[in-house]
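Asks: Residue 180 in the UniProt record's numbering sits at position 180 of the sequence shown, and the numbers go up by one each step. The following block contains the structure, expressed as C-alpha cells.
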Amino acid sequence: MDLNKVTTSAFRRKYFLLSDAARLRDASMTGVEEVKSQNFAASPIITISVGKEKAVYRIHKAVLIKESSFFEKMFASGMIESQTHQVSLPEDQPEAFEQFVSWVYAGNDSQMKDAEPTMIMTCWALADKFGVPSWHNWLINKLIDHWDFHGFSFDHVSWVSANANHESALCRLVIDQFVWHLEENPNTYFKNETSPEVSQLLSRPDFPHAIFAFSVFSPRFGGRFIRPGLDPCKYHAHKGGAVCPVSLLKFPWSQALWG
Numbered sequence: 001m002d003l004n005k006v007t008t009s010a011f012r013r014k015y016f017l018l019s020d021a022a023r024l025r026d027a028s029m030t031g032v033e034e035v036k037s038q039n040f041a042a043s044p045i046i047t048i049s050v051g052k053e054k055a056v057y058r059i060h061k062a063v064l065i066k067e068s069s070f071f072e073k074m075f076a077s078g079m080i081e082s083q084t085h086q087v088s089l090p091e092d093q094p095e096a097f098e099q100f101v102s103w104v105y106a107g108n109d110s111q112m113k114d115a116e117p118t119m120i121m122t123c124w125a126l127a128d129k130f131g132v133p134s135w136h137n138w139l140i141n142k143l144i145d146h147w148d149f150h151g152f153s154f155d156h157v158s159w160v161s162a163n164a165n166h167e168s169a170l171c172r173l174v175i176d177q178f179v180w181h182l183e184e185n186p187n188t189y190f191k192n193e194t195s196p197e198v199s200q201l202l203s204r205p206d207f208p209h210a211i212f213a214f215s216v217f218s219p220r221f222g223g224r225f226i227r228p229g230l231d232p233c234k235y236h237a238h239k240g241g242a243v244c245p246v247s248l249l250k251f252p253w254s255q256a257l258w259g
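Okay, structure coming up:
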C-alpha cells in the first residue's frame, strides 16, 4: 500500500475544509476570542521599533502579553521596557513583524494568503522567538500546504541551514521533507551519481547533518519514508500540554497506519 497516495482527495477534503481557528488553536483557547473580550481602553500602548529601518508599531500591551510569552516575561520582569513602554527589536524584519501584528489582532491569514515559503519561515522564526504557539502551528501548516500545491524547493533547505536553529521544529520539518523528496525521486538525484545540487547542499558547512542523518535512518513504515505533511502535529508546539486539534481528526491515512 502506497501511504503517500492514500491521502489525496479524502485527506484534503477533511483537512482543508476546517476553519483556521478550529484546526490551529490550542485547546486552551488562546487567541482571537479572548483578545476580543479584553477591554483595551485601559491597556497601555507599547511602541515597538523593528529592524534596521526602525519601523514603528504601536500595540496594546494587553494583546502582547496575552498572545506572546516573550512579551509577557518582558513586562513582568521589571525590565526597562516595562517602565518606558518602548521596545527595540533591531534584529527582526518589519515585514514579518507586520504579520505578527495581524495575527495577534485578527488571528487569520488575510495578510499571508500568497506568502512565499521564505516569508512563512521567517514568520515562523518570529513566532518561535515570541512564543506564540497558535501562530507557530498555523505557519507549519501553511508551509506544508505550499509544498502540496506548489512543490518543494532546495532553496528551503538552504534557508533553514543558514537561518534556523537546527534543533527547531521548522528545521526538522524541512529536512524531513527534503529526505522524502529525495526518496521519491531516486532516478533524478541518484541515477548514476549524486546530483550536483544535492552534493552542493550536503557540502554546506551550515547544513544540519545530524538532523539529516536522523531522518535518513529513522524507522520506515512498509519501507517508505512517510511524507511529513501526513503528520503535521509532530512539528507543532502545544502550549501547556494541550492536545493538538490536528491530532484529533480521523484522517483517512490514520486507519491505514494504525488499523
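Ideal placement from N, C-alpha and C gives every residue a C-beta, glycine not left out. Here the structure is a predicted model, which is why all the values come from computation and not from measurement.
In whole angstroms, what separates the C-alpha of S199 from that of P205?
Replies: A direct Cα-to-Cα measurement between S199 and P205 gives close to 12 Å.
Asks: Return the bridge partner residues of T118 from the DSSP annotation.
Replies: Looking at the DSSP assignment, T118 forms no beta bridge with any residue, so it has no partner.
Asks: Where A213 and F207 are concerned, what is the direct C-alpha to C-alpha distance, given to the nearest angstrom?
Replies: Going by the C-alpha atoms only, they are around 11 Å apart.
Asks: Under the criterion of a Cβ to heavy atom distance below 7 Å, does I45 qualify as lining the ligand PLP?
Replies: With respect to small molecules bound, the structure shown includes none, and the ligand PLP cannot be examined in it.
Asks: Based on the DSSP output, what are the partners of S49 in its beta bridges?
Replies: V56, S88
Asks: Tell me whether the stretch 44-62 and the stretch 83-94 touch, counting them as touching only if at least three CB pairs, one residue from each stretch, are closer than 8 Å.
Replies: yes
Asks: Check whether the stretch 91-104 and the stretch 49-64 are in contact - that is, three or more C-beta pairs closer than 8 Å.
Replies: The way I'd put it, the stretch 91-104 does touch the stretch 49-64; three or more beta-carbon pairs between them come closer than 8 Å.
Asks: When you compare the stretch 148-164 with the stretch 97-107, are there three or more beta-carbon pairs, one atom per stretch, that lie closer than 8 Å?
Replies: no
Asks: Determine the contact status of K142 and I120, defining contact as a CB-CB distance below 8 Å.
Replies: yes
Asks: According to DSSP, is H150 part of a helix, a strand, or is it coil?
Replies: helix
Asks: Between the Cα of W103 and the Cα atoms of F217, T122, E67, which residue gives the shortest distance?
Replies: E67
Asks: What is the DSSP secondary structure of F70, counted as helix, strand or coil?
Replies: helix
Asks: Write down every uninterrupted run of the beta strand (DSSP E) in the stretch 174-222 whose length is 3 residues or greater and which is fully enclosed by it, in chain order.
Replies: The qualifying runs do not exist here; there are none.
Asks: Going by DSSP, name the residue or residues bridged to R224.
Replies: F221
Asks: Taking just the CA atoms, how far does E197 sit from S215?
Replies: Taking the straight line joining both Cα atoms gives about 19 Å.
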